[in-house]
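Just so we're aligned, residue 115 is where the sequence shown starts under the numbering used here, counting upward by one. All residues carry an ideal CB built from backbone N, CA and C; glycine is no exception. The structure under discussion appears below in the form of structure tokens.
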Amino acid sequence: MNSNLLFDFSVDKTAKKVFITREFDADQSLVWDAFTTAEILDQWVAPKPWTSKTKYMNFEVGGRRFYAMVSPEGLERWAIQQYTSISPKTNFKMFNTFADKDENPESSGSDWDYTFSEQNGKTKVSIVIYNESLERMEKMIEMGFTEGFKMSMMNLENLLATLSEK
Numbered sequence: 115m116n117s118n119l120l121f122d123f124s125v126d127k128t129a130k131k132v133f134i135t136r137e138f139d140a141d142q143s144l145v146w147d148a149f150t151t152a153e154i155l156d157q158w159v160a161p162k163p164w165t166s167k168t169k170y171m172n173f174e175v176g177g178r179r180f181y182a183m184v185s186p187e188g189l190e191r192w193a194i195q196q197y198t199s200i201s202p203k204t205n206f207k208m209f210n211t212f213a214d215k216d217e218n219p220e221s222s223g224s225d226w227d228y229t230f231s232e233q234n235g236k237t238k239v240s241i242v243i244y245n246e247s248l249e250r251m252e253k254m255i256e257m258g259f260t261e262g263f264k265m266s267m268m269n270l271e272n273l274l275a276t277l278s279e280k
């Protein structure tokens, strides 16, 4: 792990937002692909020992990703991501909500805004997550979101190092 890479994670309960900034020692195009391609996402997004399983992903405005985080015991926690805005290689926005295995969404969700920039060979990803309700945000954090997301970022850093060598 490159300890010189920026990683900020903060929660603002008043604004119902989570702010994440993470640098990666990889090309912006590769980092973008890691966030927008199902085959790559499934390799890193789940905190170990969980795995990610994408049933389908259509990365376009109005498109969706339907996926599950799968526990070692086989418990599936499904979610839907609906892409609302895409500026290739620099920004995408989506609405995320938990769902059941039949794609029935929960009543509330969160808006995610991803921004990608590159400087001196390092790619910075800035993420702002806005939750519709404080209760949903607290539930998300209670379920281990903070620790899990940090673990996922480490998974991605390790995967990017492997992919960059190819």
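Can you tell me where the beta strand (DSSP E) with residue 199 in it begins and where it stops?
Here the question's residue 199 lines up with position 85 in the sequence shown. 190-201 is the extent of the beta strand (DSSP E) around residue 199.
Check each candidate in 253, 247, 236, 152 and name the one with the smallest Cα separation from residue 68.
For the chain, the structure presents residues 115 to 280; residue 68 sits outside this window and is missing.
Just the C-alpha distance for residue 115 and residue 197, rounded to the nearest angstrom, thanks.
Residue mapping note: residue 115 aligns to position 1 of the sequence shown, counting from 1. Residue mapping note: residue 197 aligns to position 83 of the sequence shown, counting from 1. Confidence is the limiting factor: at residue 115 the pLDDT is only 46, short of 50, which leaves the residue's position unreliable, though a coordinate-based value still follows. Rounded to the nearest angstrom, the gap between the Cα atoms of residue 115 and residue 197 is 31 Å.
Beta-carbon contacts of residue 240 that lie in its chain and below 7 Å, excluding the five residues immediately before and after:
Within the sequence shown, numbered from 1, the residue matching residue 240 stands at position 126. A distance below 7 Å between beta-carbons, with the five flanking residues on each side excluded, links residue 240 to the following residues of its chain, in chain order: 135, 229.
For residue 211 and residue 194, which I take to be in contact (beta-carbon distance under 8 Å), what is that distance rounded to the nearest angstrom?
Working through the sequence shown from its first residue, we reach residue 211 at position 97. Working through the sequence shown from its first residue, we reach residue 194 at position 80. In this structure, residue 211 and residue 194 form a Cβ contact; the two beta carbons are roughly 6 Å apart against a cut-off of 8 Å.
Pick from 248, 168, 226, 203: whose alpha carbon is nearest that of residue 215?
As a working note, residue 215 is residue 101 in the sequence shown. From the listed residues 248, 168, 226, 203, the smallest Cα separation to residue 215 is found for 168.
Could you have a look at residue 275 and say whether DSSP puts it in helix, strand or coil?
The residue given as residue 275 occupies position 161 in the sequence shown. The answer is helix: DSSP assigns residue 275 an H, G or I state.
Span of the alpha helix (DSSP H), counted from its first residue to its last, around residue 171:
What you label residue 171 is simply residue 57 of the sequence shown in a count that begins at 1. Where residue 171 is concerned, there is no enclosing alpha helix (DSSP H), although the beta strand (DSSP E) around it starts and stops at 165-171.
Which of helix, strand or coil does DSSP assign to residue 115?
Within the sequence shown, numbered from 1, the residue matching residue 115 stands at position 1. Note that residue 115 has pLDDT 46, beneath the 50 cutoff, so the model's placement of it is unreliable and no number is given.
Residue range of the alpha helix (DSSP H) that residue 253 falls in?
Stepping through the sequence shown from its first residue, residue 253 is reached at position 139. Element bounds for residue 253: 248-256.
Pull the bridge partners of residue 139 from the DSSP assignment, please.
Residue mapping note: residue 139 aligns to position 25 of the sequence shown, counting from 1. Paired residue(s): none; residue 139 is not in a bridge.
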